[in-house]
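**Q**
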Amino acid sequence: MDSDYVFKILLIGDSGVGKSSLMLNFTKIRTLEVDGKTVRLQIWDTAGQERFKTITTAYYRNANGILIIYDITDKDSFKNVSKWLEDIDHYSNEKVYKVLVGNKADLHPKRAVDYAEAKNFADTHNISLMETSAKTSNNVEQLFATLASDLKHASENGHIKDDTPTITINAGSSHKKQGCFCS
Numbered sequence: 003m004d005s006d007y008v009f010k011i012l013l014i015g016d017s018g019v020g021k022s023s024l025m026l027n028f029t030k031i032r033t034l035e036v037d038g039k040t041v042r043l044q045i046w047d048t049a050g051q052e053r054f055k056t057i058t059t060a061y062y063r064n065a066n067g068i069l070i071i072y073d074i075t076d077k078d079s080f081k082n083v084s085k086w087l088e089d090i091d092h093y094s095n096e097k098v099y100k101v102l103v104g105n106k107a108d109l110h111p112k113r114a115v116d117y118a119e120a121k122n123f124a125d126t127h128n129i130s131l132m133e134t135s136a137k138t139s140n141n142v143e144q145l146f147a148t149l150a151s152d153l154k155h156a157s158e159n160g161h162i163k164d165d166t167p168t169i170t171i172n173a174g175s176s177h178k179k180q181g182c183f184c185s
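Structure below.
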């Protein structure tokens, strides 16, 4: 199936915050329809690389959207969001779309990160915030549907920078070289 739009989405955050669980939960809805157009999200997970500080420029290259994920029951994972934002600023293009995701919302009684604190942080950094639960699927579909819609509209308005290399071939007139004919 051809897609009208294809966007590369990165999942980043500390180990154990639920990045892979969110990705696996989303496998059912990787292709979405937005305003009559087909939008395909290519989800990239770190596969544990964050533990070894081996995430590099290649991972961030050509990303259209990045989900910065923290665990609402782990204050340190939230504190480290600032470090992840620094990495994004260092390695990715300036027009990448970012969403702060508080995962494990099903563990609300064990909450260590207050929603208001996370909202204030997101507002300060001019990024969206959504809380999800990969375990119960709460807000997972909404997260990716909103992301697909926002990226589609940003693409239509020229707000997403395409870093894909292109080659332009001009079919203009060719100039014949003057030279001698050797006999």
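Residue numbers (my numbering): 3 to 185.
Built from N, CA and C at the ideal position, the CB exists for glycine as well.
It should be emphasised that the depicted structure is a prediction, and the values quoted were computed from it without experimental measurement.
1) Which residue comes first and which comes last in the alpha helix (DSSP H) that contains D47?
2) Is the CB-CB distance between A114 and T138 below 7 Å?
3) Once you ignore the five residues that flank I90 on each side, which residues in its own chain have a CB closer than 8 Å to its CB?
4) Taking the straight line between their C-alpha atoms, what separation do you get for H110 and E88?
5) Does DSSP put D164 in a helix, a strand or coil?
6) Nearest to K39 by alpha carbon, out of K81, H155, N159?
7) Where do the ends of the alpha helix (DSSP H) carrying N105 lie?
8) I need the straight-line Cα distance from D4 to K81, nearest angstrom please.
9) Closer than 7 Å by C-beta to S79: which residues in its own chain qualify, once you throw out the five before and the five after it? Chain order, please.
10) Please work out which residues of its chain come closer than 6 Å, Cβ to Cβ, to Q44, disregarding the five sequence neighbours upstream and downstream, and give them in chain order.
11) Around the C-beta of E35, are 16 or more other C-beta atoms found within 10 angstroms, so that it is buried, or is it exposed?
12) Are the CB atoms of K21 and D37 nearer to each other than 7 Å?
13) So V83 is in the alpha helix (DSSP H); what residue range does that whole segment cover?
14) Beta-carbon within less than 8 Å of K121's beta-carbon, same chain only, minus the 5 sequence neighbours each way: which residues are those?
15) Considering V142, what are the terminal residues of the alpha helix (DSSP H) in which it resides?
16) Taking Cβ to Cβ, would you say T134 is nearer than 7 Å to L149?
17) So A147 and S23 are supposed to be a Cβ contact under 8 Å. How far apart are they, rounded?
18) Cα separation between T126 and V83?
**A** Considering the structure as presented:
1) Secondary structure note for D47: it is in no alpha helix (DSSP H), and the uninterrupted beta strand (DSSP E) holding it is 39-47.
2) no
3) I14, Y62, I68, I70, V98, K100
4) So the two alpha carbons sit approximately 28 Å from each other.
5) The pLDDT assigned to D164 is 45, lower than 50, so where the model puts this residue is not dependable, and the model offers no usable value.
6) Checking every option, the nearest Cα to that of K39 belongs to H155.
7) Careful: N105 lies outside any alpha helix (DSSP H), inside the beta strand (DSSP E) at 99-105.
8) 40 Å
9) G15, D16, V19, Y72, D73
10) K10
11) exposed
12) Going by beta carbons, K21 and D37 fall outside the 7 Å limit.
13) 83-93
14) If we look at K121 and ignore the five residues flanking it on each side, its Cβ neighbours are L131.
15) Its alpha helix (DSSP H) spans residues 142-158.
16) For T134 and L149, no; Cβs fall outside 7 Å.
17) The pair is not a contact, with the Cβ atoms about 18 Å apart (cut-off 8 Å).
18) Taking the Cα positions, T126 is about 13 Å away from V83.
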